[in-house]
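Going by the working numbering, the sequence shown opens with residue 26, and the numbers climb by one from there. Glycine residues also receive a C-beta, built at the ideal position from the N, C-alpha and C atoms. Reading through the structure tokens given below for one structure.
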Amino acid sequence: MSSYRKLLYHIVFRTYKSQPIIKGNHVDELFAYISGIIKNKNCHLYRINGYENHIHILTDIHPSIALADFVREIKVSSSLWMKSSGLFPQFQGWGEGYGSFTCSHTDLGRLSEYIKGQQEHHRRKTFEEEYRKLLLESGISIDERYFP
């Protein structure tokens, strides 16, 4: 008998002090770099996108990888790449922590479209408003120390 699994996560993290530096001509290169990290971890990326001060990742994580290790690897590796590439000269690092929300296979289409539409979405809502909503919808208590 074979083992079957699908461990879907919607992961969100922001830049240090929410600085709006994820923009310009090199955003696709950043997303491709992060996609490579995910692929090298034997995970499947469904969608990645972001807007100026944060990134959303919709992925299936291999069961041999702990979520915290997965996110740490993405943040550390991409931070080193962003600083050494010179493509994001104002990048100072990623903010502390992240949001992670499990989702079902039936949510994939809706979440993928939501992540794809980040530029449009943020014409109406700030990251803080969006993040608060994600936390509350997931039943997570908000620690106000982490919101400016």
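- If you compare the alpha carbons of L112, F116, I140 and L83 with that of E54, the shortest gap goes to L112.
- For H35, the three-state secondary structure derived from DSSP is strand.
- Around the beta carbon of N50, a 10 Å sphere encloses fewer than 16 other beta carbons of the protein chains shown; the residue is thus reported as exposed.
- Under the 8 Å Cβ criterion, the segment 138-156 counts as touching the segment 73-88, having at least three qualifying pairs.
- In the same chain as R72, and ignoring 5 residues on each side of it, the C-beta atoms closer than 7 Å to its own belong to L83, S137, I140 and K141, in chain order.
- Along the segment 77-155, the alpha helix (DSSP H) occurs as fully enclosed runs of 4 or more residues at 92-110, 133-141 and 143-146, listed in sequence order.
- Taken in chain order, the complete beta strand (DSSP E) segments of 3 residues or longer contained in the segment 28-75 are 33-39.
- Look at the beta carbons and you see the segment 115-126 touching the segment 36-48: at least three pairs across the two are nearer than 8 Å.
- Closest by C-alpha distance to K100, out of Y41, L161, G164 and I86, is Y41.
- Taking all protein chains in view, the Cβ of I167 is surrounded by fewer than 16 other Cβ atoms within 10 Å, so the residue is classified as exposed.
- Around the C-beta of H81, 16 or more other C-beta atoms lie within 10 Å, and the residue is accordingly described as buried.
- Annotation: C68 to F116 spans about 27 Å, alpha carbon to alpha carbon.
- One alpha carbon belongs to T131, the other to K31, and they sit about 12 Å apart.
- Y171 has its alpha-carbon roughly 22 Å from the corresponding atom of Q143.
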